[in-house]
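Participant:
There are 6 protein chains.
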Amino acid sequence: MTEKKNWNELKSGESLVAFFLIRRVETKTTAGGNRYLDIVLGDAGGEITARMWDCKQEDETLYQSNMLVKIKGSIAEWQGKRQVKIDKIRAVVEDDQVDINAFIPVAPYSPEAMYAELLQYLSGMENVKLRETVQLLLTEAGEKLLIHPAAVQNHHALRSGLLYHTLTMLKAGEKLADVYTFLDKDLLYAGIMLHDVAKLDEIDANALGIATEYTVEGQLLGHIVQGIKKIEKAAGKAGLDEETSLLLQHMLLSHHYEPEYGSPKRPMFPEAEILHYLDIIDARMFDMQKALNETEPGNFSDKLWTLNNRRLYKR
Amino acid sequence: MTEKKNWNELKSGESLVAFFLIRRVETKTTAGGNRYLDIVLGDAGGEITARMWDCKQEDETLYQSNMLVKIKGSIAEWQGKRQVKIDKIRAVVEDDQVDINAFIPVAPYSPEAMYAELLQYLSGMENVKLRETVQLLLTEAGEKLLIHPAAVQNHHALRSGLLYHTLTMLKAGEKLADVYTFLDKDLLYAGIMLHDVAKLDEIDANALGIATEYTVEGQLLGHIVQGIKKIEKAAGKAGLDEETSLLLQHMLLSHHYEPEYGSPKRPMFPEAEILHYLDIIDARMFDMQKALNETEPGNFSDKLWTLNNRRLYKR
Amino acid sequence: MTEKKNWNELKSGESLVAFFLIRRVETKTTAGGNRYLDIVLGDAGGEITARMWDCKQEDETLYQSNMLVKIKGSIAEWQGKRQVKIDKIRAVVEDDQVDINAFIPVAPYSPEAMYAELLQYLSGMENVKLRETVQLLLTEAGEKLLIHPAAVQNHHALRSGLLYHTLTMLKAGEKLADVYTFLDKDLLYAGIMLHDVAKLDEIDANALGIATEYTVEGQLLGHIVQGIKKIEKAAGKAGLDEETSLLLQHMLLSHHYEPEYGSPKRPMFPEAEILHYLDIIDARMFDMQKALNETEPGNFSDKLWTLNNRRLYKR
Amino acid sequence: MTEKKNWNELKSGESLVAFFLIRRVETKTTAGGNRYLDIVLGDAGGEITARMWDCKQEDETLYQSNMLVKIKGSIAEWQGKRQVKIDKIRAVVEDDQVDINAFIPVAPYSPEAMYAELLQYLSGMENVKLRETVQLLLTEAGEKLLIHPAAVQNHHALRSGLLYHTLTMLKAGEKLADVYTFLDKDLLYAGIMLHDVAKLDEIDANALGIATEYTVEGQLLGHIVQGIKKIEKAAGKAGLDEETSLLLQHMLLSHHYEPEYGSPKRPMFPEAEILHYLDIIDARMFDMQKALNETEPGNFSDKLWTLNNRRLYKR
Amino acid sequence: MTEKKNWNELKSGESLVAFFLIRRVETKTTAGGNRYLDIVLGDAGGEITARMWDCKQEDETLYQSNMLVKIKGSIAEWQGKRQVKIDKIRAVVEDDQVDINAFIPVAPYSPEAMYAELLQYLSGMENVKLRETVQLLLTEAGEKLLIHPAAVQNHHALRSGLLYHTLTMLKAGEKLADVYTFLDKDLLYAGIMLHDVAKLDEIDANALGIATEYTVEGQLLGHIVQGIKKIEKAAGKAGLDEETSLLLQHMLLSHHYEPEYGSPKRPMFPEAEILHYLDIIDARMFDMQKALNETEPGNFSDKLWTLNNRRLYKR
Amino acid sequence: MTEKKNWNELKSGESLVAFFLIRRVETKTTAGGNRYLDIVLGDAGGEITARMWDCKQEDETLYQSNMLVKIKGSIAEWQGKRQVKIDKIRAVVEDDQVDINAFIPVAPYSPEAMYAELLQYLSGMENVKLRETVQLLLTEAGEKLLIHPAAVQNHHALRSGLLYHTLTMLKAGEKLADVYTFLDKDLLYAGIMLHDVAKLDEIDANALGIATEYTVEGQLLGHIVQGIKKIEKAAGKAGLDEETSLLLQHMLLSHHYEPEYGSPKRPMFPEAEILHYLDIIDARMFDMQKALNETEPGNFSDKLWTLNNRRLYKR
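Chains as they are written, first to last, in the UniProt record's numbering: chain A, 1 to 315; chain B, 1 to 315; chain C, 1 to 315; chain D, 1 to 315; chain E, 1 to 315; chain F, 1 to 315.
#1: Would you list, in chain order, the members of the UniProt domain "HD/PDEase" (158-293) of chain F that have their beta-carbon closer than 8 angstroms to a beta-carbon of chain A?
#2: At what residues does the beta strand (DSSP E) containing residue 38(B) begin and finish?
#3: With 8 angstroms as the C-beta to C-beta threshold (strictly closer), list the residues of the segment 292-314 of chain B near chain D in chain order.
#4: Check residue 216(E) in the structure and name its three-state DSSP category.
#5: So the beta strand (DSSP E) residue 29(C) belongs to, where does it begin and stop?
#6: Can you check DSSP and say which residues form a bridge with residue 402(E)?
#7: Judging by CA-CA distance, which residue of 237(C), 267(C) and 292(C) is the nearest neighbour of residue 271(B)?
#8: Less than 8 angstroms between the beta carbons of residue 231(B) and residue 194(B), yes or no?
#9: Between the segment 23-38 of chain B and the segment 52-60 of chain B, do at least 3 Cβ pairs fall closer than 8 angstroms?
#10: Could you give the first and the last residue of the continuous alpha helix (DSSP H) run that contains residue 87(A)?
#11: Using the Cα positions of residue 87(F) and residue 304(F), report the straight-line distance between them to the nearest angstrom.
#12: Give the range of the beta strand (DSSP E) segment to which residue 70(B) is assigned.
#13: Can you give the Cα-Cα distance for residue 216(C) and residue 66(C), rounded to whole angstroms?
#14: With DSSP as the reference, please indicate the residues paired to residue 48(D) in a beta bridge.
#15: Could you name each continuous beta strand (DSSP E) segment of 3 residues or more that falls completely within the segment 164-246 of chain C, going from the start of the chain to the end?
#16: Cutting at 6 angstroms between CB atoms, please list the residues of its own chain near residue 5(F), excluding the five before and the five after it.
#17: For residue 301(B) versus residue 315(B), is the C-beta distance shorter than 8 angstroms?
#18: Determine the contact status of residue 262(D) and residue 264(C), defining contact as a CB-CB distance below 8 angstroms.
#19: Do residue 162(A) and residue 155(A) have their C-beta atoms within less than 8 angstroms of each other?
#20: Between which two residues does the alpha helix (DSSP H) harbouring residue 125(A) extend?
#21: From residue 96(A) to residue 208(A), what distance separates their C-alpha atoms?
#22: When burial is assigned at 16 or more other CB atoms within 10 Å of the CB, is residue 1(C) buried or exposed?
#23: When you compare the CB positions of residue 190(A) and residue 183(A), do they come within less than 8 angstroms of one another, or not?
#24: Between which two residues does the alpha helix (DSSP H) containing residue 337(A) stretch?
#25: Would you mind stating whether residue 98(F) and residue 138(F) have Cβ atoms separated by less than 8 angstroms?
#26: Based on Cα-Cα distance, which residue from 275(A), 26(A) and 62(A) lies nearest to residue 175(A)?
#27: Once DSSP output is grouped into helix, strand and coil, what is the label at residue 106(A)?
#28: State the Cα-Cα distance for the pair residue 327(F) and residue 143(F), rounded to the nearest angstrom.
#29: Note the first and the last residue of the continuous alpha helix (DSSP H) segment covering residue 279(B).
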């Protein structure tokens, strides 16, 4: 991948072989009536426009945004800007051993390590039927849980973001339960592990763990209602008592706290209340850390939409 | 029931035999340490305080508010006000043939007639599996649907109020679908018939059809989420296609329209939109007709809490 | 009008004779100091830029946006895009027999048929003086009522939109009054027919029935206050009793329901309440039907500004 | 009126002759079936309950709240509290020469003096037809303007309150126009003089200048819309040009500034903007001065409802 | 203190010697013109009215609400209710060794132990000048910090409530900083220790640690602004660098988060954000635990004003 | 400065010598790798793009936006638009005697005259220590007060805008105090003179009196809190009594009135209330006068962001 470092420095006419993520792609037609692909390619170094002039009909559906590809071509110049003229393009395969971190934002820990840690919390739960309820839903989630993002645009919109977000909340929840000792840890852990699990059904993500769009059910119902229905069924299978099942469903229903953010009911017991705060704190810390990483000391960040347009100060 | 007309006119010392609804009841203790029942009795003619001095322990639990009783006693005077001294009290039985209309607010049509009319609408639905889905939930509702109120305090808080509200919406919905012909009548009817069906689970009502309180599940989840779960199950049993089931669930989810009134999503297709307006129009017409019935022509009603504290004008 | 179908397919250099609506027009100056008209032409097939190089001074004021014209010219190419080089241009005349439907959005029924139907509702009113009050204002509105749009940008912003909106509300109002029989049909019909009549004074529209802008009075007072003043005068002429005139004025004042939408008072009687809901339902149905007509089944529409940025689902 | 100073100190059994304002009055019935008047009397010294046992049928309608009466009777004691036993009662007449200031809140200047000063402002207006428009409406208002209050409960709810409020705004408006010299004084004065003139029609007041209730038209339309209609007519009679009439109507429409306070449009030119601020400043200064007069130095007032529940600090 | 357990069971005429907290006290006058004290006494067992008939002038100012007293007297009965006739009364003295916990709500740990733990956190701070800044303000707070409540009515309105609230936040803050490791612990601890320190100046409390009222400065400026001024001064004395002083002041300014709760700026860096959430979580946990302690399992609490009128569910 | 009038009319190739304000400046790189300055120049006649091809490294930092420069160059044409090719550029010096009014918006009176008038108000204050408090802060402000703007973007964002705004408020305040005579003029004047004084610390402005950006302290605390701290210190030095100092601080704290505009407390005495209204009136009059100056009679202005998107009407 030495090439990748270089494409920013290549001059017009020089050739290029590199891996890229397709960010956007569109089929266009020349004045002469020929169809071609107009692509925006990206990697950690930025973005560049590319054109593939000799494009077969199957290429038009084959190459989609958020797909990893290998490109062979050369640098051209058009209207004063550099672009890539593509000679060859193909999807990346396993053997290419491309490091996905260079192309998309990913969680800072490996999904396998995070999942193992999450299972530690699960196995520590004492309420057997509650644990089984959670277990059933994690099993149902399967592989998707390892790479699914937690959002389309907001906080934790990164590969394995959902798992990373859930695990960090478990850690913080464990800590707060040490201070507020009257909290029921089992109920809190179950609430944390399941609070966003229906995002797997609400948001479509591709094989890279990039959110592509909301599903039809996601738009019509949303992950809160979807999650409640999942818990109802899993609790039934696991034989969980009715009261605990209800409490868990209420925790999902209320965890966005405000009606205008999707919760028709506010939390009605301490574990539901804490679940909300763990969720928002983790989102805020993620967004703040990310914004400050991109800010110079002694300066303010840009206005951040997810933080009510606040500008953050970096010491 | 000639007596009932008279209790307002009886003088101190005169005896009384009459049917009443117990509005409130409390056990108190005299200075001398004896326990007695302090009751507020009511009928169409108003309310009067009553006391039952010789009260057995079982009486304290037997006589509850919103219970119909037969009273034998006499009029006494205490601190300048008339009250009833109860000699005998017993629950009303079938043979008493008491007309319940004289004691509590009831819908203007018999529950049997309304239910028959509702079944007409049901049988007119062409989508077989959608009809079966509705049928399953009506069957599950059973007898309760005949007398259940639609609310604890708000509009249609009357015996058979839920059925009356639903039927009137069906009639108005049928009419609007004649004007806006692109509406899917089957979907609209199903939405109307099921939109409040989970109020049977959200609100406890006694045998008279008077709402007593919210259930635990009603408070933790609410009839919208409860209803969605019911539809999911019934649709599964009836073999309804996934899309229609989703649309119906969305209609429930969105029918309160505003997040702060319990709908996390706003209606996303015309039938859901119309369902909301049919619901609110029927509630408004009910409240307005009720308030104007109690207002003199040329005057304004009192401020009405359910109508943003508006005062209505009676022509 | 065979030509019209073709302009999209014409190649550079080919000649063109066609009818168009001028969408936007601007006078510009060449580097050489010559003035020319830069026009955007449109019809049902889309839009194309046109230039009229030899332009007389009178042309600059003669050709305005939203005007129907006949064009003779040819296709040219500029910066890779096709445009029309205009040789001759003139306003469309009666003899051209141009079908206006091909150029602007129009109501689905003829204005004459709709007006006849509206008069049916009017003649059915039993309160003679109330009917005369409405009659006076319809007469005053005259021809403008036949083609006036109901809005500049929102719902029913189409030729004859005001009449179409009013008539549909009358139909729906008639239906609801069959269900809620305590409503005074005469008052309701009068309210519907007059609720937006002052939009004729609030919004300027051209001869095609396209809204051009708000009038000065429209901006300073708005159609609600303007309408109240009109009713006050007409009711005086017709000898309508003071109470009914007041009720009608209140219906106008309150029909937007919320202060922030222009109603300082909320409806204080059932006919005023229903008027509001008929208005909003008709607006919503119009907007939803329009958006769904442009959406593929199984998909969501774009975000709709008039519907709180909702995206609609098309079955 | 030496008696008036004394009734607070009279002992049970002592006789009393005094003038009072009837604050509340109700007809009640004794256990023995006799009807009597239960009255609350008041003057600057406070309130006391009174009973008139031998009451004729005409007395029940004759004596109303907010009426000045002369009382002859004696002090009695009932349930530990002093009350007045009325022997004779009659309405106050001119010859009694009662000083109304001792019974109700009045403006600090005589209505005649204030009206004369207002006419000074009127006569200083240079726009003849605008002056005539205002003149017509002042003439129409007639005597009522001298004593009418400006509100039922809020600021300037005192005898001649409307006149006092209007005059103070004229004074302040004159001053601000000296600083912001681009303001049109004529338009500003006209706006001030007419901004609340329709309160004469919105609020019923009795002969003492005490607001009793809102009129039917006041409730259905409100003084803003009522005032606009009055201006439209008066401007027509006076031959005022259409633009100035519109501006004046807009000033009324917008002077409450916020939709939720009754103004569907916000001010669209400086005179309308200033009118609003003069209005609110005068209301605030009145309420604050009144509250601080009742507060000890170094302390806070009670929470003031008209000032967003603020408590004021008295130096 | 065996007597204290008994006063609820004492009969009319029996004598009583006991310690009480004066909850409310008022001087009244008998019909005969004698002045007496009308007192409400309270302890852990409830409240009882008491009267001290022979009351000297100095007693009227000596005995105030929220004062601990020793009472000698007897039980009397008046209008069917028991009350205490006081023969002797005196303020509690050290030697009485009264346990204050029986009379007012207190924090669950001793102030000395909590203060020692707080000093542990202080001494662990590495930024010397920041530590000195905090130290200066704690020293200035002095003894008051040991018993001061955190509120007049809301959460932690108990003796030593301010200290208890601060310490719990320190514990939770320490925990969260273990999860979100990029947080600056020194800055966070300083923010926690000082965030409410100006409540000592905002709220007056008596020697028992019961809040009595807001101070004049508290009402005019509030503890946020007061606290900022204190930090500015202390930071100056301690020689703290300008940037850190500013950050600390900003943490105070923003810790209520929403403008309507008193923070004109929202948090602009992570430590300020976390400070807010630690504050609100501790308040919520306190209020919830308190409410649930008073609720039966399987039931809902009353509506809680401090929790948006939510009713909590007790498992 | 005859040249300045001409640059709009110069043709391609003609040479140019003129003074300009640099509005925006950016360093760019040619395809050939040479760095050049891309500048937007402006004066009262409008804006024109300029390029300085031979640019030394020091030029890149020397020439900043909002700097006055003298340009020598010629008109070139690029992509159909005229631009300036710069041959020589230098900062304006005193000897150039450039009239700044032609380049930036300035207050309509000279800063010296306005300052003298402000001192008149100051010397008229009777409360000696209050006057000294104000004096201290004015002295501390020094020269900056003469030219500082009152805002970055909003009202009075002009050279000497802060002084102009303050003086106009003093004039209007003096007038209103003549009408509302219970106002304390000294306190009011002090509040006016100091209400925005900390904008000198909140907003950075360059030597021309153009606001460049908010300071770090300005963003973290804001001019309200900054001003309170300044008053606290100055009052201490001047020996002002605690109560008056508090009142003055409260006036600053509350002068934005609404929490969402930065005031956590609303005004609690009349002088604070009036201060707010004087501030908002002066802002509104400024914005309205400015917008109407740019509007043709009989027309509406554009939507004005600072006036809730209102469009103003120009008579």
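Where a beta carbon is used, it is the ideal one built from N, C-alpha and C, also for glycine.
Facilitator: According to the structure data:
#1: So the close ones are 216, 219 and 220.
#2: Element bounds for residue 38(B): 35-43.
#3: Hits within the stretch, in order: 298, 300, 311 and 313.
#4: Three-state DSSP puts residue 216(E) in a helix.
#5: Element bounds for residue 29(C): 15-29.
#6: Any answer about residue 402(E) is impossible in this case: the structure gives chain E only from 1 up to 315.
#7: The shortest Cα separation from residue 271(B) among 237(C), 267(C) and 292(C) belongs to 292(C).
#8: Yes; because the gap between Cβ atoms is below 8 angstroms, this pair is in contact.
#9: Because the criterion of three Cβ pairs below 8 angstroms is met, the segment 23-38 of chain B and the segment 52-60 of chain B touch.
#10: Per DSSP, residue 87(A) is not a residue of any alpha helix (DSSP H); the beta strand (DSSP E) it occupies stretches across 81-91.
#11: In this structure, the straight-line span from the alpha carbon of residue 87(F) to that of residue 304(F) is close to 40 angstroms.
#12: DSSP places residue 70(B) in the uninterrupted beta strand (DSSP E) bounded by 67-78.
#13: Distance between the alpha carbons of residue 216(C) and residue 66(C) is about 21 angstroms.
#14: For residue 48(D), the pairing in a beta bridge is given by DSSP as 41(D).
#15: The qualifying runs are 203-205 and 211-214.
#16: In this predicted model, residue 5(F) has a pLDDT of only 45, less than 50, meaning its place in the structure is not dependable; the value taken from the coordinates is given anyway. Cβ neighbours of residue 5(F) beyond the five flanking positions: none.
#17: Cβ distance not < 8 angstroms, so residue 301(B) and residue 315(B) don't count as in contact.
#18: For residue 262(D) and residue 264(C), yes; Cβs fall inside 8 angstroms.
#19: Taking 8 angstroms as the Cβ cut-off, residue 162(A) and residue 155(A) do not qualify as a contacting pair.
#20: Element bounds for residue 125(A): n/a, residue is neither H nor E.
#21: When only Cα atoms are considered, residue 96(A) and residue 208(A) end up about 15 angstroms apart.
#22: Because residue 1(C) sits at a pLDDT of 36, beneath the cut-off of 50, its placement in the model cannot be relied upon, and the following sentence gives the value as read from the coordinates. With a 10 Å radius around the Cβ and a threshold of 16 neighbouring Cβ atoms, residue 1(C) comes out exposed.
#23: Contact annotation: residue 190(A) and residue 183(A) have beta-carbon atoms that are not nearer than 8 angstroms.
#24: Coverage of chain A is limited to positions 1 through 315, which leaves residue 337(A) absent and any answer about it impossible.
#25: In this structure, the beta-carbon distance from residue 98(F) to residue 138(F) does not fall below 8 angstroms.
#26: Nearest C-alpha to residue 175(A): 275(A).
#27: If DSSP states are grouped into helix, strand and coil, residue 106(A) belongs with the strands.
#28: The first residue shown for chain F is 1 and the last is 315, placing residue 327(F) beyond what the model contains.
#29: For residue 279(B), the enclosing alpha helix (DSSP H) covers residues 270-293.
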